[in-house]
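Going by this note's numbering, the sequence shown opens with residue 27, and the numbers climb by one from there. Every residue, glycine too, gets a C-beta built ideally from N, C-alpha and C. Each remark here refers to the structure printed beneath this line.
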Amino acid sequence: MSTCFSNYKQFFLMSVPGNYTKSFITDVPADLKSERAVYFRKILTRFPEEAIYIYSFKEQRMIYADGWEEILGYKDDEISMLTIVSITSPEYAPFSNELNDKALKFIYGRTEELEKYSFTIELKKIHKNGTAVPLISKVGVFDIENGMVTAIIGRSQINRSINLGNVMRYEAYGPDKSEFEEELNKQLFNYYAISRKEKEALEMVAKGYSFKEIANHFNVTQSAIEKRIIPLYKRFNVKSLTHLISFAYENHILK
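Listed below in structure tokens is the structure:
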């Protein structure tokens with residue numbers, strides 16, 4: 027393992043929250059004429075109104091990009107990781123950056139099946155022409171070396187059906203999905219955010235189901251459901267379950 031890459035891991039694990047990823051992203055775009063970029067274009071399927079990137083932490087540069095002009099106005103040979111991070115809408119940027127950091131830090135604490143970890147987030151990016159674009163973005167592990175993540179892959183797709191309010195919505199995936207999501211919930215407590223697991227439980231509460239009935243539906247304990255719902259009171263500064271449900275509808279968490 028190179029000294030540079032070893033130092034990167036040490037810095038990543040010890041830095042102040044919010045600086046891990048940001049300190050190692052660059053403004054270097056991909057060389058789309060390279061042999062590997064040509065190969066990626068052949069094997070990676072891209073859907074309409076979707077863009078893809080592959081970013082190498084080891085090389086500290088973008089190594090592939092496709093579809094960015096279609097969704098955000100940036101040519102594939104000019105888009106960089108720094109650009110993608112910088113054009114996040116201001117109200118979503120702090121949470122998005124923190125989610126990236128916490129998720130990657132969690133993954134760095136794992137040694138097996140790293141390639142199965144990923145997370146999604148609904149947010150807005152600012153198009154090159156200045157307009158806001160609602161996206162569903164998924165970030166996952168792309169490459170591993172010596173038990174470490176060396177590259178990530180991101181897919182962002184326009185989703186005009188989502189009505190984004192003040193509450194960030196996200197979901198974690200992986201072998202330790204529950205632990206992954208619970209860790210993110212704990213670490214991101216100070217943000218207006220809600221995970222898919224919390225949202226699913228809240229949807230059933232809004233339909234009139236009791237905590238016990240919801241627990242039976244998800245095949246978990248009643249205590250597990252309470253741990254999904256009760257913390258939302260403090261997070262969203264509400265005083266009752268009725269107030270929480272009302273808040274959820276007002277902020278487009280529930281439809």
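Quick one, are the C-beta atoms of alanine 91 and proline 55 less than 8 Å apart?
Looking up residue 91 in the sequence shown gives position 65. Looking up residue 55 in the sequence shown gives position 29. Yes, they are a contact pair.
Quick one: is tyrosine 275 buried, meaning 16 or more other Cβ sit within 10 Å of its Cβ, or exposed?
Stepping through the sequence shown from its first residue, residue 275 is reached at position 249. Tyrosine 275 counts as exposed, since fewer than 16 other beta carbons sit within 10 angstroms of its beta carbon.
Residue span of the beta strand (DSSP E) that contains lysine 151, given as start and end
Within the sequence shown, the letter at position 125 stands for residue 151. That run of the beta strand (DSSP E) goes 144-152.
Which residue spans inside the region 81-154 form an unbroken alpha helix (DSSP H) run of at least 4?
94-98, 107-112 and 119-134
Contact under 8 Å by Cβ, serine 163 with threonine 146
Here residue 163 refers to the residue found at position 137 of the sequence shown. Here residue 146 refers to the residue found at position 120 of the sequence shown. Result yes, Cβ atoms of serine 163 and threonine 146 sit closer than 8 Å.
Is the region 180-187 in contact with the region 153-168, if contact means three or more CB pairs nearer than 8 Å?
yes
Simplified DSSP assignment, three categories, for glutamate 61
Mapped onto the sequence shown, residue 61 falls at position 35. Note: glutamate 61 maps to helix in three-state DSSP.
Of the residues Ile80, Asn172, Glu229 and Gly156, which one's Cα is nearest the Cα of leucine 98?
Within the sequence shown, residue 98 is the residue found at index 72, counting from 1. The shortest Cα separation from leucine 98 among Ile80, Asn172, Glu229 and Gly156 belongs to Gly156.
Look at the alpha carbon of glutamate 139 and the alpha carbon of serine 112, and state the distance between them as a whole number of angstroms.
If you number the sequence shown from 1, residue 139 lands on position 113. If you number the sequence shown from 1, residue 112 lands on position 86. Those two C-alpha atoms are separated by around 31 Å.
By the 10 Å Cβ neighbour count, where 16 or more other Cβ atoms means buried, how is threonine 137 classified, buried or exposed?
Residue mapping note: residue 137 aligns to position 111 of the sequence shown, counting from 1. It counts as exposed.
Within the region 185-255, note down every full alpha helix (DSSP H) run reaching 4 residues or more, in order along the chain.
Taken in chain order, the unbroken stretches of alpha helix (DSSP H) that lie wholly in the region 185-255 and span 4 residues or more are 203-213, 222-232 and 237-244.
Going straight from the alpha carbon of isoleucine 133 to that of asparagine 277, what length do you get?
For this step, residue 133 is matched to residue 107 along the sequence shown. For this step, residue 277 is matched to residue 251 along the sequence shown. As the crow flies, the alpha-carbon of isoleucine 133 is around 30 Å from that of asparagine 277.
Over what stretch of residues does the beta strand (DSSP E) that includes glutamate 75 continue unbroken?
For the purposes of this step, residue 75 is taken as the residue at position 49 of the sequence shown. Run containing glutamate 75: none; DSSP gives neither H nor E here.
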